[in-house]
Each structure stands twice: as structure tokens, then as C-alpha cells.
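Shown next, in C-alpha cells, is the structure this report addresses.
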Amino acid sequence: DTGVSQNPRHKITKRGQNVTFRCDPISEHNRLYWYRQTLGQGPEFLTYFQNEAQLEKSRLLSDRFSAERPKGSFSTLEIQRTEQGDSAMYLCATQLAGGTYEQYFGPGTRLTVT
Amino acid sequence: SQQGEEDPQALSIQEGENATMNCSYKTSINNLQWYRQNSGRGLVHLILIRSNEREKHSGRLRVTLDTSKKSSSLLITASRAADTASYFCATDLSSNTGKLIFGQGTTLQVKP
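Residue numbers (the numbering used here), protein chains in the order written: chain A, 14 to 127; chain B, 2 to 113.
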């Protein structure tokens, strides 16, 4: 257990539905990252926050995806109008800026879009 | 897009043998990190090597970095069945963001 939690762990949804995932970071970590991982691939960066500010978004992040980190604590990732291609593991990771650079990953949320 | 390529994609060895995984990348880096992922779970940080370092050790792990060749290797000595997992290298291009770019990973199976 790294201290980063994600909920839900699994989500099955029908195409076209909206889904929201939550990540609770290690409390003192001010950076929070979202990655997406498909089967047999390494994680791909989606977006990151420093405190409550969203500082970078990947071009992979279509306008159906939105992420927030109110008050610089937990973060949510919402996918609107889900598509089958959104099926993946969504990973959250946190880091202490100015620290040792390593990231602490949550267990992930596995999304299946039917 | 993926920055790194890992080699081999899959590796199967007997317990007690050493396992070596290689990672190549394309652009200058701030540091390179190795992570382990057990099936269906999150990633666990193993070791980090900075761009000005050439070799680093942590327990049974040894990492090397050759910035002129843009490559790194991870050696696991005296492997155990519990080392069975996927291993990913990840490059940190800039300490300003900490964003990691991962390779495709090496799947290691250690047979008891």
C-alpha cells in the first residue's frame, strides 16, 4: 500500500454513459498525476496538478475528459459519453515537488465500456 | 507517445538466476526510474538514477545509465518467484513537471 487510494477499483459502464473516478493522494504530496494504461502497454500521461492548478494536459485527453483537484487535495477524473476505446486502467500517482522525484501510484481504476 | 522501448518484451528464468532488462529512450532526461507492476495492480517505484549518475544499487537491483547511448539497464540478481511482474522504465524529462514517460515494459516470469 503506497498511501494513494483510488475509487472505484472497477467500473463497468455502457457506451455513452458518464463516469467519474476519484484519487486520494498522500496528504503532503502537492503534485498529482493521472495516467492511462491499456493492456500490454506502459502507462501514458494524461494530466497533472500542482496543488489545485492543472498545469499540463496531454493531447490524448480529449474534450470528453475533465479532471479537477479542488483545494489541492483529492482529484476526480470524469469521462463523458464514454466510448469502447476508453476501456483501460486509470492510474493516479502523487509526488512531493522538490522531493526525490519518485511517484507513488494508487491501485488504479479499471474501466470497461460495453 | 511512448518515449522508451524496452527489451526484451518478455523474459522467463529460473529462480536464482539473474534477470537483465534494457530500456532505450529518445530525448534528454532529468532522471530515469524503474517501476514494477504486479498483475492488475498499481506501479511500485524501485529505483531512480539521475542523468549525471552511471550506476546505482539497491539491494538486489543494479541500474546503469548511459546517456550517450540513451539507454539504461536493470539487473535483478538472484531472482525469486516473487519477482514475477512487469517492469517499466520511465523517463523524467524535466524536474519542473515530474511527468513520467513510460516504456512498454518487460514481463518477467521467475519459475520456482
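Cβ atoms here follow ideal geometry from the backbone N, Cα and C, with glycine treated the same way.
Proximity of chain B to glutamate 115/A at the Cβ level (cut-off 8 Å) is accounted for by Gln34, His46 and Leu49, in chain order.
Put simply, the CB of lysine 100/B is near chain A, with a gap under 8 Å to one of its CB atoms. By a beta-carbon distance limit of 8 Å, serine 95/B does not contact glycine 17/B. Their separation comes to about 40 Å.
In the DSSP annotation of this structure, lysine 100/B is not part of any beta strand (DSSP E), being labelled neither H nor E. Listed along chain B are Gly99, each with a C-beta nearer than 8 Å to that of arginine 44/A. Contact check for methionine 22/B against leucine 33/B fails: the beta carbons are separated by 8 Å or more. Annotation: glutamate 6/B to tyrosine 26/B spans about 7 Å, alpha carbon to alpha carbon.
Every beta strand (DSSP E) of 3 residues or more that sits fully in the region 21-109 of chain B is shown, in chain order, as 32-38, 44-51, 56-59, 62-67, 72-77, 86-93 and 101-103. Counted as a single uninterrupted DSSP element, the stretch harbouring glutamine 97/A is not any beta strand (DSSP E), since DSSP gives it neither H nor E. Membership of lysine 84/A in any beta strand (DSSP E) is not indicated, and neither H nor E is assigned to it by DSSP.
Rounded to whole angstroms, lysine 112/B and aspartate 84/B show a C-alpha spacing of 10 Å. Cα atoms of glutamate 54/B and alanine 101/A: separation of roughly 35 Å, rounded to the nearest angstrom. Using a C-beta cut-off of 8 Å, the region 91-108 of chain A makes contact with the region 70-82 of chain A, since at least three inter-stretch Cβ pairs fall below that distance. Judged by DSSP in its simplified three-state form, asparagine 43/A adopts coil rather than helix or strand. Contacts between arginine 42/B and chain A, judged by CB atoms closer than 8 Å, involve Pro120 and Gly121 in chain order. Taking the Cα positions, glutamate 41/A is about 28 Å away from lysine 24/A.
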